[in-house]
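J.:
2 protein chains.
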Amino acid sequence: MTQNKLKKVKAFAPASVANVACGFDVLGFAISGPGDFVEAEFSDTPGVTIEAILNDDGRLPLDPEQNTAGKAILALLEESGVKRGISIRIEKKMPLGSGLGSSASSAVAAVVAVNELIGNPYEKKDLLPFALQGEMVASGTPHADNISASLLGGFILVRSHNPPDVVSLPVPDKLMAVVIHPHIEINTKSTRLILRKSVPLSKAVEQWGNVGAFVAGLYSGDYGLISRSLYDDIIEPSRSILIPGFGRMKQAAMDQGALGFSISGAGPSVFALCDSKETAKKIGESAGKILEETELGYDIYISEINKEGSVVISKEEE
Amino acid sequence: MTQNKLKKVKAFAPASVANVACGFDVLGFAISGPGDFVEAEFSDTPGVTIEAILNDDGRLPLDPEQNTAGKAILALLEESGVKRGISIRIEKKMPLGSGLGSSASSAVAAVVAVNELIGNPYEKKDLLPFALQGEMVASGTPHADNISASLLGGFILVRSHNPPDVVSLPVPDKLMAVVIHPHIEINTKSTRLILRKSVPLSKAVEQWGNVGAFVAGLYSGDYGLISRSLYDDIIEPSRSILIPGFGRMKQAAMDQGALGFSISGAGPSVFALCDSKETAKKIGESAGKILEETELGYDIYISEINKEGSVVISKEEE
């Protein structure tokens, strides 16, 4: 036990791709590179104080009740019975509103840092409900697929949202992700509104066949099966309308050998999965060329599936 | 190669449970015990002749174009280019219209027997499309979950119906099935009519989370996860109305330790999965007691998951 011996902890939580094609609201994975840092220390001020948020252009609230990281920590402290004040600094190393789980990363990094600071009363997987409560304040609906992918790393399946029941899935060795973030903003609430509230039974059956097959593909390392099941005829047709160049980027990615291509979260980011770094680079280049025809800036992240998830990166003792 | 050396082959294809809870139209498994035998031999009469059907109470058509086994063989012969006449005898060792894939078993046993007779031009898994064509004449819609479970054995997932894309899933060692067949008849077409043509998106999401988790549970041998994911809030609520004692049998099965309980196919058969023979017996007894309060007869099958599927059981050389 390290209870009460630390004075400062810094944690990192990676960006994540949710709504993975057939797995709307249930499948997510973490990527390497972008993510959020949260540094937490004990403070004489009771409750949670957010001292600073870096790289958010002043857009995120400093009130801990309204802030995803602040609210997540408050939930953790309440449940664990810790009465000491905590102050945090949030450093965003990923774009907001990009469809890469920005609020999830903040909530996860916050609870991972504070859990370590207060002596690790919880195992990593048990931090999920606190991070979910935090994310609720940002997005209204908790995205357990983003939260659990960022927390645990790898590929995750959300069997149930309430209560959360999350399954860590195996990641085949060669699996690579390409994430393309065009610099436009899509309001998540409006992308929810665009969705029909009901689905034809025949399409729903097709979708759950594909989710089951995708899970089987991950377990068996069958890239062909993974590819055939990365298909979404329910959400993607509506939401892709809002993403510039979606159809052309997808076609180009598939032509380059992508296993599949779809929307990350509610967009505007899109992702491809593939089975080699070389293919990943080609997919990124082809998407870049298409976006350069627009006046939008963009980021491209090429990454293995991040199996580690959130990590404590530094600690200072009292 | 044994081409043209055999004169008679007898094959067996087991009964199967389809629409496994969350896996409506996509998940099936084979059981041991009930099933259909088909004996096939070369004949001087061109085409396919159905000499006899035993134990069908005269209900199944002898016209090969209208008979599921006959039609499946015609499809197989056409594709393989074999011109010789074939005559068959069908022996049903399972109830018709029970929700246990009776027509699927006939179609599968037929193509397995004839494939062997004509020198095995196809591997077992490649017989699926022929059996599907046969089953089409019986039920209007092909049940690839019944057909592929009966053909291949074990647990199967139908990723896509057209073209058929079927995944064999692993079967955890302790998994046992209890199948209860109350002696009433439910017309499959009317059970299809009872289904709503669309599904609320939220329930569809829940269902595909459960299908993914069920597949993960089979791969990881996690009986708890299997149990939590054996849930169907889409089809079961409507169809179970037609099954006498459904609610009480389900409650009793869960009280005895079942992992899950739902409708087999379109009913009237129901099934439970559990993790020991002892529990299986208790589940069977509790269902029997409930059905004895009605005036219905019933059968109860207690079985491991049948991993073998269809088999050639005897051959005679020319």
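Those protein sequence lines, which keep their order, are chains A and B.
Sequential numbering of the first sequence, starting at 1372, is according to the working numbering.
Sequential numbering of the second sequence, starting at 1372, is according to the working numbering.
Glycine included, each C-beta is placed from N, C-alpha and C at the ideal position.
Where do the N-terminal and C-terminal ends of the alpha helix (DSSP H) with THR1416 of chain B fall, by residue?
T.: Against the second sequence, residue 1416 of chain B aligns to sequence position 45. Here THR1416 of chain B belongs to no alpha helix (DSSP H), and DSSP marks it neither H nor E.
J.: Just the C-alpha distance for SER1565 of chain B and PRO1615 of chain A, rounded to the nearest angstrom, thanks.
T.: The sequence position of residue 1565 of chain B within the second sequence is 194, counting from 1. The sequence position of residue 1615 of chain A within the first sequence is 244, counting from 1. It should be pointed out that residue 1565 of chain B corresponds to Ile in this sequence rather than to Ser. Each residue's Cα considered, the two are about 42 Å apart.
J.: State the start and end residues of the unbroken beta strand (DSSP E) segment that holds ASN1438 of chain A.
T.: Start at 1 with the first residue of the first sequence, and residue 1438 of chain A comes out as number 67. From DSSP, ASN1438 of chain A is part of no beta strand (DSSP E); its letter is neither H nor E.
J.: Suppose contacts are defined by Cβ-Cβ distances below 7 Å. Is VAL1641 of chain A in contact with ILE1551 of chain A by that definition?
T.: In the first sequence, residue 1641 of chain A corresponds to position 270, counting from 1. In the first sequence, residue 1551 of chain A corresponds to position 180, counting from 1. Their beta carbons are under 7 Å apart, which means VAL1641 of chain A touches ILE1551 of chain A by this criterion.
J.: How about ASP1603 of chain A and SER1633 of chain A: do their beta carbons lie closer than 7 Å?
T.: Here residue 1603 of chain A refers to the residue found at position 232 when the first sequence is read from its first residue. Here residue 1633 of chain A refers to the residue found at position 262 when the first sequence is read from its first residue. Cβ atoms of ASP1603 of chain A and SER1633 of chain A: closer than 7 Å.
J.: For the beta strand (DSSP E) holding LYS1464 of chain B, just list the boundary residues, first then last.
T.: The count along the second sequence starts at 1 and reaches residue 1464 of chain B at position 93. Here the beta strand (DSSP E) through LYS1464 of chain B covers 1456-1464.
J.: Name the chain B residues that come within less than 8 Å of SER1609 of chain A, Cβ to Cβ?
T.: Reading the first sequence from its first residue, position 238 is the one you call residue 1609 of chain A. The contacting residues do not exist; SER1609 of chain A stays about 11 Å from chain B at best.
J.: Please list the residues of the stretch 1555-1576 of chain A that have a C-beta atom closer than 9 Å to any C-beta atom in chain C, keeping them in chain order.
T.: The question asks about chain C, but that chain is absent: this structure's protein chains are A and B.
J.: Starting from VAL1485 of chain B, follow the alpha helix (DSSP H) in both directions and report where the run begins and ends.
T.: Start at 1 with the first residue of the second sequence, and residue 1485 of chain B comes out as number 114. Start and end: 1473-1488.
J.: Taking the alpha carbon of LEU1448 of chain A as the point to measure from, which residue in A:VAL1482, A:PRO1385, A:LEU1589, A:ALA1629 has its own alpha carbon closest?
T.: Counted from its first residue, the first sequence places residue 1448 of chain A at position 77. Checked all of A:VAL1482, A:PRO1385, A:LEU1589, A:ALA1629; the closest Cα to LEU1448 of chain A is A:VAL1482.
J.: Say whether the stretch 1503-1521 of chain A touches the stretch 1471-1491 of chain A, bearing in mind that this needs 3 or more beta-carbon pairs closer than 8 Å, one atom from each stretch.
T.: Because the criterion of three Cβ pairs below 8 Å is met, the stretch 1503-1521 of chain A and the stretch 1471-1491 of chain A touch.
J.: For LYS1678 of chain A, which of helix, strand or coil comes out of DSSP?
T.: Your numbering for residue 1678 of chain A matches position 307 in the first sequence. Of the three classes helix, strand and coil, the one that applies to LYS1678 of chain A here is coil, per DSSP.
J.: From PRO1417 of chain B to CYS1393 of chain B, what does the alpha carbon distance come to, in whole angstroms?
T.: Mapped onto the second sequence, residue 1417 of chain B falls at position 46. Mapped onto the second sequence, residue 1393 of chain B falls at position 22. About 45 Å.
J.: Buried or exposed for ASN1581 of chain A, please, with buried defined as at least 16 other CB atoms from any protein chain shown within 10 angstroms of its CB.
T.: Locating residue 1581 of chain A in the first sequence gives position 210, where the first residue counts as 1. Classification of ASN1581 of chain A: buried, given that the 10 Å Cβ count is 16 or more.
J.: Ends of the beta strand (DSSP E) at ASN1390 of chain B?
T.: The count along the second sequence starts at 1 and reaches residue 1390 of chain B at position 19. From DSSP, the beta strand (DSSP E) with ASN1390 of chain B extends over 1377-1391.
J.: Measure the alpha-carbon distance for LEU1540 of chain A versus ILE1597 of chain B and round it to whole angstroms.
T.: On the first sequence, position 169 is the one that residue 1540 of chain A refers to. On the second sequence, position 226 is the one that residue 1597 of chain B refers to. LEU1540 of chain A and ILE1597 of chain B: Cα-Cα distance of roughly 15 Å.
J.: Between PRO1513 of chain A and PRO1535 of chain A, what straight-line distance do the alpha-carbon atoms span, to the nearest angstrom?
T.: Walking along the first sequence from the start, residue 1513 of chain A turns up at place 142. Walking along the first sequence from the start, residue 1535 of chain A turns up at place 164. Rounded to whole angstroms, PRO1513 of chain A to PRO1535 of chain A spans 10 Å at the Cα level.
J.: Can you check whether the C-beta of GLY1580 of chain B is within less than 7 Å of a C-beta belonging to chain A?
T.: Taking the second sequence and counting its residues from 1, the one referred to as residue 1580 of chain B is at position 209. Cβ-Cβ to chain A under 7 Å: yes for GLY1580 of chain B.
J.: Give me the residue from A:ALA1629, A:LEU1667, A:LYS1678, A:ILE1424 with the minimum Cα distance to ASP1407 of chain A.
T.: For the purposes of this step, residue 1407 of chain A is identified with residue 36 of the first sequence, where counting begins at 1. The candidate whose alpha carbon is nearest that of ASP1407 of chain A is A:ILE1424.
J.: With a threshold of 8 Å, are at least 3 pairs of Cβ atoms found where one atom belongs to the stretch 1447-1465 of chain A and the other to the stretch 1491-1501 of chain A?
T.: Yes, they touch.
J.: For LYS1378 of chain B, which residues from the same chain have a beta carbon less than 7 Å from its beta carbon, with the 5 sequence-adjacent residues on both sides left out?
T.: For the purposes of this step, residue 1378 of chain B is taken as the residue at position 7 of the second sequence. Closer than 7 Å at the Cβ level, and outside the excluded window around LYS1378 of chain B, lie GLU1412, PHE1413, GLU1687, GLU1688, GLU1689.
J.: Can you look up TYR1725 of chain B in the DSSP assignment and give me helix, strand or coil?
T.: What is shown of chain B runs 1372 to 1689, which leaves residue 1725 of chain B out entirely.
J.: Buried or exposed: ALA1651 of chain B, going by 16 or more other Cβ atoms within 10 Å of its Cβ?
T.: For the purposes of this step, residue 1651 of chain B is taken as residue 280 along the second sequence, with counting starting at 1. Buried, because 16 or more other Cβ atoms sit within 10 Å of the Cβ of ALA1651 of chain B.
J.: ALA1587 of chain A touches chain B at which residues, Cβ-Cβ below 8 Å?
T.: Translated into positions along the first sequence, residue 1587 of chain A becomes position 216. The contacting residues are LEU1528, VAL1538, LEU1540, VAL1586, TYR1590.
J.: Between ASP1434 of chain B and chain A, is the shortest Cβ-Cβ distance under 7 Å, so that the two count as touching?
T.: On the second sequence, residue 1434 of chain B is found 63 positions in, with the first residue counted as 1. So no, ASP1434 of chain B is outside the interface.
J.: Under 7 Å between beta-carbons, which chain B residues line up against SER1635 of chain A? List them in chain order, please.
T.: Walking along the first sequence from the start, residue 1635 of chain A turns up at place 264. Chain B residues near SER1635 of chain A: none, gap ~17 Å exceeds 7 Å.
J.: Excluding sequence positions up to five away, which residues of its chain have a Cβ less than 7 Å from the Cβ of THR1439 of chain A?
T.: In the first sequence, residue 1439 of chain A corresponds to position 68, counting from 1. These residues qualify, in order along the chain: SER1474, SER1477, ALA1478, GLY1505, GLU1506, VAL1508, ALA1509.
J.: Within the stretch 1527-1581 of chain B, note down every full beta strand (DSSP E) run reaching 3 residues or more, in order along the chain.
T.: The qualifying runs are 1535-1540, 1547-1553, 1569-1571.
J.: Is GLY1631 of chain A buried or exposed, if buried means 16 or more other CB atoms sit within 10 Å of its CB?
T.: Within the first sequence, residue 1631 of chain A is the residue found at index 260, counting from 1. Label assigned to GLY1631 of chain A: buried.
J.: Which residues share a DSSP beta bridge with ILE1634 of chain B?
T.: Locating residue 1634 of chain B in the second sequence gives position 263, where the first residue counts as 1. According to DSSP, which records beta bridges pairwise, ILE1634 of chain B is partnered with B:VAL1641.
J.: For SER1437 of chain A, count neighbouring Cβ atoms within 10 angstroms of its own Cβ and tell me buried if that reaches 16, exposed if not.
T.: In the first sequence, residue 1437 of chain A corresponds to position 66, counting from 1. Sequence inspection shows Gln at residue 1437 of chain A; the Ser mentioned does not correspond to that position. So GLN1437 of chain A counts as exposed.
J.: Pull up the CB-CB distance for GLY1668 of chain B and GLU1556 of chain B, whole angstroms please, since I reckon it's below 8 Å.
T.: Taking the second sequence and counting its residues from 1, the one referred to as residue 1668 of chain B is at position 297. Taking the second sequence and counting its residues from 1, the one referred to as residue 1556 of chain B is at position 185. About 12 Å; that fails the 8 Å criterion.
J.: To the nearest angstrom, how far is it from the Cα of LEU1433 of chain B to the Cα of GLU1607 of chain B?
T.: Walking along the second sequence from the start, residue 1433 of chain B turns up at place 62. Walking along the second sequence from the start, residue 1607 of chain B turns up at place 236. Between LEU1433 of chain B and GLU1607 of chain B, the C-alpha separation is close to 34 Å.
J.: Output the distance between the C-alpha atoms of VAL1538 of chain B and LYS1442 of chain A, rounded to the nearest integer angstrom.
T.: Against the second sequence, residue 1538 of chain B aligns to sequence position 167. Against the first sequence, residue 1442 of chain A aligns to sequence position 71. Rounded to whole angstroms, VAL1538 of chain B to LYS1442 of chain A spans 43 Å at the Cα level.
J.: Which word fits ARG1530 of chain A, buried or exposed, when buried means at least 16 other C-beta atoms lie within 10 angstroms of its C-beta?
T.: As a working note, residue 1530 of chain A is residue 159 in the first sequence. Classification of ARG1530 of chain A: buried, given that the 10 Å Cβ count is 16 or more.
J.: At a cut of 8 Å, does the stretch 1669-1683 of chain A reach the stretch 1456-1465 of chain B through at least three beta carbon pairs?
T.: Taking 8 Å as the limit for Cβ pairs, the verdict is that the stretch 1456-1465 of chain B does not touch the stretch 1669-1683 of chain A.
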